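Residue numbers (the working numbering): 105 to 398. By construction, the Cβ of each residue, glycine as well, lies at the ideal position given by its N, Cα and C atoms. Quick caveat, the model's predicted, so the values are computed rather than measured.
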Ligand SMILES: C[S@@+](CC[C@H](N)C(=O)[O-])C[C@H]1O[C@@H](n2cnc3c(N)ncnc32)[C@H](O)[C@@H]1O
């Protein structure tokens with residue numbers, strides 16, 4: 105199988121992930137991929153443009169793929185998968201399909217669940233519209249789950265690579281070196297040293313807050329200039345960047361099996377990682393090329 109698009113660091117295949125994983129030329133990546141980072145089509149109750157499957161059919165389809173992906177991961181590699189929420193048709197109740205899918209992915213692929221992350225999309229439009237805007241009986245559904253899975257309980261990870269800036273009060277504290285140490289009502293005994301050491305930033309939480317609004321990226325400009333349809337379910341580059349920095353080193357291999365507009369690949373390229381991508385819709389790859397034009 106030949107890449108339809110490549111850069112110095114990456115290769116993108118215009119094919120389904122099933123075709124890519126079963127091709128002879130991809131065999132060389134068995135046990136070599138350090139991070140699989142992806143956002144597959146979500147389990148929906150109505151089919152989306154790019155053919156999301158529904159119900160049990162979705163779970164079987166996804167688990168067949170995620171089981172095969174395990175063989176391509178390096179022993180200390182990670183598999184990070186974003187799965188959105190889903191709602192039942194006609195009633196204001198949530199579907200448990202995404203949770204059932206996660207449990208089946210974990211069980212059939214023999215994965216450990218390292219940690220759950222939430223991506224809180226602050227710009228998410230109110231949905232499901234009928235229940236939120238019209239009947240006013242539910243509130244905005246504005247996050248997706250990002251599940252960090254791995255082959256071993258301690259895959260490669262370093263939270264020092266994803267430190268956030270200190271808050272202004274923490275910066276003041278570090279300057280003054282005065283901390284009210286001692287026993288708290290929670291019975292935690294807070295030692296002074298641990299709180300006034302400058303660790304170059306604070307350890308981030310597993311809630312990633314990021315709006316999905318970008319009006320000035322090379323991707324958007326390129327699509328507009330070339331009259332290419334925008335991908336309807338793009339992820340912000342920041343989210344991919346966070347996991348690539350956290351779970352890989354320079355020169356490692358990152359694979360996005362449901363690559364869409366090549367967001368993961370843009371981030372891997374910028375961070376000097378090698379990348380691989382599978383996407384069956386050529387129009388999304390054509391648009392994604394705009395991410396590599398400076
Ligand atoms: C949620 S989107 C990914 C969006 C991507 N993260 C981005 O930021 O652009 C899922 C993608 O999976 C693709 N897809 C659907 N079935 C697939 C399959 N069997 N193999 C690979 N990709 C598939 C769809 O065409 C779609 O672009």
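Quiz item: Is residue 198 near ligand 1, going by C-beta to nearest heavy atom under 8 Å?
Solution: Working through the chain shown from its first residue, we reach residue 198 at position 94. Residue 198 Cβ: outside cutoff for every heavy atom of ligand 1.
Quiz item: Residue range of the beta strand (DSSP E) that residue 186 falls in?
Solution: As a working mapping, residue 186 is identified with position 82 in the chain shown. 177-187 is the extent of the beta strand (DSSP E) around residue 186.
Quiz item: Would residue 241 be called buried (16 or more neighbouring beta carbons within 10 Å of its own) or exposed?
Solution: Against the chain shown, residue 241 aligns to sequence position 137. Its Cβ having fewer than 16 others within 10 Å, residue 241 is exposed.
Exercise. With DSSP collapsed to three states, give me the class of residue 307.
Key: Residue numbering aside, residue 307 sits at position 203 when the chain shown is read from its first letter. Of the three classes helix, strand and coil, the one that applies to residue 307 here is coil, per DSSP.
Quiz item: By how many angstroms is the C-alpha of residue 385 removed from the C-alpha of residue 245?
Solution: On the chain shown, position 141 is the one that residue 245 refers to. On the chain shown, position 281 is the one that residue 385 refers to. Looking at the two C-alpha atoms, the distance is approximately 28 Å.
Self-check item: Entirely enclosed beta strand (DSSP E) segments - the stretch 301-366, minimum 3 residues
Solution: 311-313 and 357-360
Exercise. Determine whether the Cβ of residue 382 lies closer than 9 Å to any Cβ atom of chain B.
Key: Going by chain labels, chain B is absent from the structure shown, which holds only one protein chain.
Practice problem: Might you give, ordered along the chain, the residues of its own chain that have their beta carbon closer than 6 Å to the beta carbon of residue 287, omitting 5 neighbours on each side? | Solution: The residue labelled residue 287 in the question sits at position 183 within the chain shown. Counting only Cβ-Cβ distances below 6 Å, and skipping sequence neighbours, we find 293.
Quiz prompt | Rounded straight-line distance, which links the Cα of residue 308 to that of residue 284 | solution = Start at 1 with the first residue of the chain shown, and residue 284 comes out as number 180. Start at 1 with the first residue of the chain shown, and residue 308 comes out as number 204. If you take the alpha carbons of residue 284 and residue 308, they lie about 23 Å apart.
Quiz item: Do the stretch 178-187 and the stretch 135-150 make contact, defined as three or more Cβ pairs closer than 8 Å?
Solution: yes
Exercise. Give the secondary structure of residue 286 by DSSP, where H, G and I count as helix, E and B as strand, and everything else as coil.
Key: Locating residue 286 in the chain shown gives position 182, counting from the first residue. It is a strand residue.
Quiz item: Taking the alpha-carbon positions, what's the residue 310 to residue 248 distance?
Solution: By 1-based counting over the chain shown, the position of residue 310 is 206. By 1-based counting over the chain shown, the position of residue 248 is 144. Each residue's Cα considered, the two are about 12 Å apart.
Exercise. Would you list the one or two residues that DSSP bridges to residue 110?
Key: Here residue 110 corresponds to residue number 6 of the chain shown, with the count starting at 1. Paired residue(s): 115.
Self-check item: CB contact flag (residue 362, residue 383, <9 Å)
Solution: Along the chain shown, one-based indexing puts residue 362 at 258. Along the chain shown, one-based indexing puts residue 383 at 279. Yes, the Cβ-Cβ distance between residue 362 and residue 383 is below 9 Å.
Quiz prompt | Cβ distance (whole Å) where residue 234 is taken to contact residue 267 below 8 Å | solution = As a position in the chain shown, residue 234 is number 130, starting the count at 1. As a position in the chain shown, residue 267 is number 163, starting the count at 1. At roughly 42 Å, the Cβ-Cβ gap does not stay under 8 Å, so residue 234 and residue 267 are not in contact.
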